[in-house]
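S.K.: The sequence shown maps to residues 31 to 809 in the numbering used here.
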Amino acid sequence: MKLSDLQTGQAGYIIRVSGHGGFRRRIMEMGFVRGQRVEVILNAPLKDPIKYRVMGYEVSLRRGEAQMIEVAGDNYELRITNYDKDNGSTTVAGHRGAAPELHPKRIEIALVGNPNSGKSSLYNALSGGHEHVGNYGGVTVGAKRGTFRHAGYEFVIYDLPGTYALSPYTPEELFVRRHLTEQIPDVIVNVVAASNLERNLYLTTELVDIAQDMVIALNMYDELTASGARLDAVTLETLLGTPVVPVVARDGRRLDKLLDTIIEVYEGRNAVSRHIHINHGPVIESAVAELRRAMEPDLEHFPKHFSRRYLLLKFLERDREVEAQLAAACPRHDEWAAVRDTLTARVERELGEDIETAITDEKYGFIAGALRETFIPGKQERRSATAAIDAVVTHRVWGFPLFFFLMWAMFELTFRVGEHPMAWIERGVAWLGSLVGHIMPPGPLHDLLVDGIIGGVGSVIVFLPNILILFLCISFMEDSGYMARTAFIMDKVMHRIGLHGKSFIPLVMGFGCNVPGIMAARAIESRSSRIITVLISPFISCSARLPIYILLVGAFFPASASLVLISVYVVGILVAAATALVMRRTMFKADDTPFVMELPPYRMPTLRTSLRHMWDKGGQYLRKMGGVILAASIVVWALSYYPREAQHSYLERAGLAVAPLMRPLGIPWEGGVALVAGVGAKEITVSTLGVLYAEGGNGEEDLPHRLTAPDPATGAPDWTPASALAFMIFALLYFPCLAALAAIRKETGSWRWVALSVIYNTAVAWLVAWAAYTVMSVF
Ligand code: GDP
Ligand code: MG
């Protein structure tokens with residue numbers, strides 16, 4: 031009988047609570063635990079919720095929730111007194127008010143697994159002679175039901191048909207899914223053939239998503255050992271959040287261990303058992319998150335058999351079973367379906383494949399990642415092409431040179447190939463400047479156009495080719511699947527600074543732009559690692575800082591350009607690493623929640639998708655150019671131009687105000703002004719220098735020449751190589767740009783981290799720049 035069937039005034043005893051793990055725990059925390067007496071205070075038909083008294087408290091439950099609780103009527107004790115003969119225990123009947131010992135203690139389990147994983151063998155070994163073979167009415171596929179006893183429990187076991195997934199396409203799949211929705215086993219026993227882990231674990235990832243209590247019976251363990259393969263089952267079970275028990279069903283080996291583990295999970299005292307979220311990549315995950323936010327008002331109406339996350343994922347996937355369940359349960363279903371259609375279309379457009387394929391790919395990526403960490407295949411194992419490539423690319427020795435080579439190639443491409451279009455744009459900007467300069471009559475408008483707008487925006491736009499190439503390389507690494515592999519090789523290194531390999535991906539992406547890097551940190555499961563990664567991301571030198579380096583390195587270090595450039599990047603990386611270490615030591619103590627580094631299948635990115643991703647990011651750069659950088663150039667120009675009659679312009683005065691702070695770094699006041707302006711976006715630093723040094727120049731020389739030329743006022747150049755280096759380092763490390771700060775706020779959820787980021791980064795920038803200037807000045 032269901033709790034929802036009890037009428038007002040009736041009472042009963044709870045036999046079991048079913049549903050997905052989170053739901054059950056919540057209901058049990060409210061007092062609805064096995065053996066408790068529940069009284070119905072008010073159950074009006076058509077009225078939701080229902081009021082109950084349990085453990086002396088009044089509690090309301092929704093009808094949908096009460097349907098998940100199985101109860102026995104008040105006279106239950108009488109019937110069960112005679113039941114448990116072989117156990118010799120008796121129950122006192124009619125003992126009202128006190129919870130009676132309910133007999134028998136019963137666990138219902140369901141064997142779920144691929145065809146030929148050994149479910150029937152396990153079923154026979156467990157149920158022995160007590161086999162009841164039955165067919166479920168009306169369907170062609172059937173399940174066997176058996177019972178047996180172990181450690182004081184009566185087990186009811188179902189041998190379900192073999193299935194590769196829980197999709198609603200074949201009768202077997204539908205049957206298994208219906209069993210899990212309607213029968214709801216207490217514990218799912220996922221039978222996994224150790225001889226074919228990758229294929230078998232796919233079903234496991236779907237079962238992990240539904241979040242019912244589960245134990246993995248790793249069957250055919252004898253074959254795994256015989257093939258010479260090795261498996262770290264302990265790590266695998268922590269990664270999956272599901273206990274893994276190696277068994278040999280055919281010989282009945284280790285079945286006691288399996289049953290004990292099932293009991294542990296059922297009683298909620300298994301240390302490994304926890305609900306993990308399989309990460310389906312940023313595109314799918316953000317769609318799920320948006321769908322969840324949109325459906326917020328209806329979430330409580332969701333069916334309770336499977337986790338909400340699973341239902342949302344399947345809804346997104348247009349699964350017709352889930353669609354029908356949600357249509358029945360959610361009053362505003364039609365509205366949600368429309369939201370879903372938009373989100374699904376977006377995912378399919380962005381990933382360039384249908385959503386089901388995309389989700390399947392991501393799940394295989396999760397499996398590949400989990401196995402790469404725990405499984406060494408034996409001799410006979412036939413390797414997939416992906417696994418063969420991964421064996422090299424993620425090799426703990428060979429992975430590194432390959433990675434550094436690719437990084438080097440990326441920067442080489444960025445600068446060498448970028449030089450040519452850069453020269454063309456430079457010439458174009460100079461031509462435009464002199465053209466406008468000749469056409470326009472002299473006056474403020476002439477100066478605004480030539481010095482302010484063309485000088486300011488022009489000094490930044492020349493770097494567009496470099497930035498597009500850098501973004502193209504990063505898009506290519508991401509789209510091909512290589513980026514995901516870098517997490518693997520860097521895992522050990524990242525552990526040194528208290529992080530995980532997964533933090534590496536956001537950091538590499540940060541070379542392009544810190545904002546997507548910070549957002550990519552979302553994929554990191556552990557909160558403290560996520561926050562640390564977000565906060566050290568701004569130290570990774572993004573492409574917006576590149577113009578600053580190219581300008582100053584070109585002007586002051588023409589002979590050793592690459593070396594200086596790489597050193598600046600390395601300074602950023604070192605500061606990031608040191609910061610991570612300090613944060614791990616002081617703010618967050620070690621946190622070792624293990625998680626899987628996904629290895630999605632390799633894909634040859636089409637030129638079209640890579641170009642599109644490059645263009646998405648490059649487009650942002652151009653918009654920035656037309657917006658904030660244009661505005662900043664005009665403001666900076668105006669501040670440097672006015673007041674005409676006074677000796678010092680406004681900008682000069684601002685520069686003189688910060689000059690005392692900049693003097694120890696050897697940075698002239700113009701540099702101080704540029705840095706103040708660069709708070710908005712780091713490119714503005716260069717456009718500001720462009721504006722400040724435009725005036726007084728004869729228009730023939732380019733900006734680097736004007737920087738190295740002697741200042742007419744003092745007779746000596748404003749800048750020296752040492753001050754240029756200090757400037758680059760300061761610009762690299764100080765105050766994250768406004769877009770990065772907004773991203774930090776969003777990902778950490780707190781202004782506190784934003785404030786810390788601003789203060790800490792600027793202080794560190796000053797100290798490191800000062801040290802660099804001091805050391806460099808000595809030489
Ligand atoms: P089902 O399709 O999942 O019900 O799988 P079966 O129980 O019918 O088993 C499929 C095949 O695997 C049979 O030939 C079994 O003898 C064999 N098998 C089952 N368990 C084991 C095991 O632990 N080790 C080995 N080597 N073979 C097994
Ligand atoms: Mg079978």
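Ideal Cβ placement from N, Cα and C applies to all residues, glycine included.
Is the beta carbon of Trp667 sitting closer than 8 angstroms to the one on Gly685?
M.R.: It is not a contact, given that the beta carbons lie outside the stated cut-off.
S.K.: Which runs of the alpha helix (DSSP H) at least 4 residues long sit entirely within the region 695-741? Give them in chain order.
M.R.: Complete alpha helix (DSSP H) runs here, min 4: 699-707, 713-722, 733-738.
S.K.: With hydrogens ignored, establish whether the beta-carbon of Pro201 is closer than 7 angstroms to any heavy atom of the ligand GDP.
M.R.: Because no heavy atom of the ligand GDP lies under 7 angstroms away, the Cβ of Pro201 does not count as near it: no.
S.K.: Please list the terminal residues of the continuous alpha helix (DSSP H) segment that includes Lys522.
M.R.: Unbroken alpha helix (DSSP H) run through Lys522: 512-526.
S.K.: Once you ignore the five residues that flank Asp391 on each side, which residues in its own chain have a CB closer than 7 angstroms to its CB?
M.R.: Cβ neighbours of Asp391 beyond the five flanking positions: Pro630, Pro631.
S.K.: Shorter than 7 angstroms, the distance from the beta carbon of Pro276 to the closest heavy atom of the ligand GDP, or not?
M.R.: No, the beta carbon of Pro276 sits no closer than 7 angstroms to any heavy atom of the ligand GDP.
S.K.: Closer than 7 angstroms: is that where the CB of Lys712 sits relative to any heavy atom of the ligand GDP?
M.R.: Not so, every heavy atom of the ligand GDP lies at least 7 angstroms from the Cβ.
S.K.: Taking the straight line between their C-alpha atoms, what separation do you get for Cys767 and Pro495?
M.R.: Taking the straight line joining both Cα atoms gives about 22 angstroms.
S.K.: Any contact of the region 277-290 with the region 333-346, i.e. 3+ C-beta pairs under 8 angstroms?
M.R.: Counting Cβ pairs under 8 angstroms, fewer than three are found: no touch.
S.K.: Comparing C-alpha positions only, which one of Trp749, Gly702, Pro747, Val716 sits nearest to Trp796?
M.R.: Comparing Cα positions, the closest option is Gly702.
S.K.: I need the straight-line Cα distance from Val30 to Glu386, nearest angstrom please.
M.R.: A question about residue 30 goes unanswered here, because the residues of the chain that appear run from 31 up to 809.
S.K.: Under DSSP, the alpha helix (DSSP H) around Met452 begins and ends at which residues?
M.R.: That run of the alpha helix (DSSP H) goes 448-469.
S.K.: Between which two residues does the alpha helix (DSSP H) harbouring Asp391 extend?
M.R.: Segment 385-404, the alpha helix (DSSP H) holding Asp391.
S.K.: CA-CA distance, Gly158 and Phe178?
M.R.: Distance between the alpha carbons of Gly158 and Phe178: 8 angstroms.
S.K.: So for Met539, helix, strand or coil by DSSP?
M.R.: Three-state result, Met539: helix.
S.K.: Can you tell me which of the three DSSP states Val302 falls into?
M.R.: Val302: coil per DSSP, three-state reduction.
S.K.: With distances taken from CA atoms, which of Gly39, Ile71, Arg55, Leu227 is nearest Ala811?
M.R.: No answer is possible for residue 811: the residues shown for the chain start at 31 and end at 809.
S.K.: Tell me whether the region 456-468 and the region 487-506 touch, counting them as touching only if at least three CB pairs, one residue from each stretch, are closer than 8 angstroms.
M.R.: Counting Cβ pairs under 8 angstroms, three or more are found: they touch.
S.K.: For Gly657 and Ile580, I'd like the C-alpha separation in whole angstroms.
M.R.: Distance between the alpha carbons of Gly657 and Ile580: 23 angstroms.
S.K.: Are Pro276 and Leu321 touching if we call contact CB-CB under 8 angstroms?
M.R.: No.
S.K.: Which of the three DSSP states is assigned to Ala102 in this structure?
M.R.: Strand at Ala102.
S.K.: Sorted by chain position, which residues of the same chain lie with C-beta nearer than 6 angstroms to Gly124's C-beta, five sequence neighbours on each side aside?
M.R.: Note that Gly124 scores 39 on pLDDT, short of 50, meaning its location in the model is unreliable and no value can be drawn from it.
S.K.: For the alpha helix (DSSP H) that Thr563 lies in, which residues bound it at each end?
M.R.: Note, Thr563: alpha helix (DSSP H), 557-566.
S.K.: Mind checking whether Arg21 and Leu401 have CB atoms under 8 angstroms apart?
M.R.: Given a span of 31 to 809 for the chain in the structure shown, any question on residue 21 remains unanswerable.
S.K.: Our contact map puts Pro361 next to Asp328 with C-beta atoms below 8 angstroms; I'd like the distance itself, whole angstroms only.
M.R.: Pro361 to Asp328, Cβ: 7 angstroms. Contact.
S.K.: Is the beta carbon of Arg280 within less than 7 angstroms of some heavy atom of the ligand GDP?
M.R.: Arg280 Cβ: within cutoff of the ligand GDP.
S.K.: Give me, in chain order, the residues of the same chain whose beta-carbon lies closer than 8 angstroms to that of Gly271; leave out the 5 immediate sequence neighbours on both sides.
M.R.: Excluding positions up to five away in sequence, the list reads Val238, Val302, Ser303, Arg304, His305, Ile306.
S.K.: Determine the closest residue to Asn220 out of Ile187, Glu212, Gly429, with distance taken between C-alpha atoms.
M.R.: Comparing Cα-Cα distances from Asn220 to each of Ile187, Glu212, Gly429, the minimum goes to Ile187.
S.K.: With DSSP as the reference, identify every bridge partner of Lys26, one or two as the case may be.
M.R.: Outside the modelled stretch of the chain, which goes from 31 to 809, sits residue 26, for which no answer is possible.
S.K.: I need the DSSP call for Tyr43, collapsed to helix, strand or coil.
M.R.: Strand at Tyr43.
S.K.: Is it the case that the Cβ atoms of Ser787 and Pro624 are separated by a distance below 8 angstroms?
M.R.: Taking 8 angstroms as the Cβ cut-off, Ser787 and Pro624 do not qualify as a contacting pair.
S.K.: Under a three-way DSSP split, which group does Arg175 fall into?
M.R.: Here Arg175 sits in strand by DSSP.
S.K.: Is DSSP giving Arg280 helix, strand or coil here?
M.R.: The answer is coil: DSSP assigns Arg280 none of H, G, I, E or B.
S.K.: Give me, in chain order, the residues of the same chain whose beta-carbon lies closer than 6 angstroms to that of Ser753; leave out the 5 immediate sequence neighbours on both sides.
M.R.: Correct list, in chain order: Gly696, Ile697.
S.K.: Measuring straight from C-alpha to C-alpha, what distance separates Phe765 and Ala224?
M.R.: Going from the Cα of Phe765 to the Cα of Ala224 covers about 52 angstroms.
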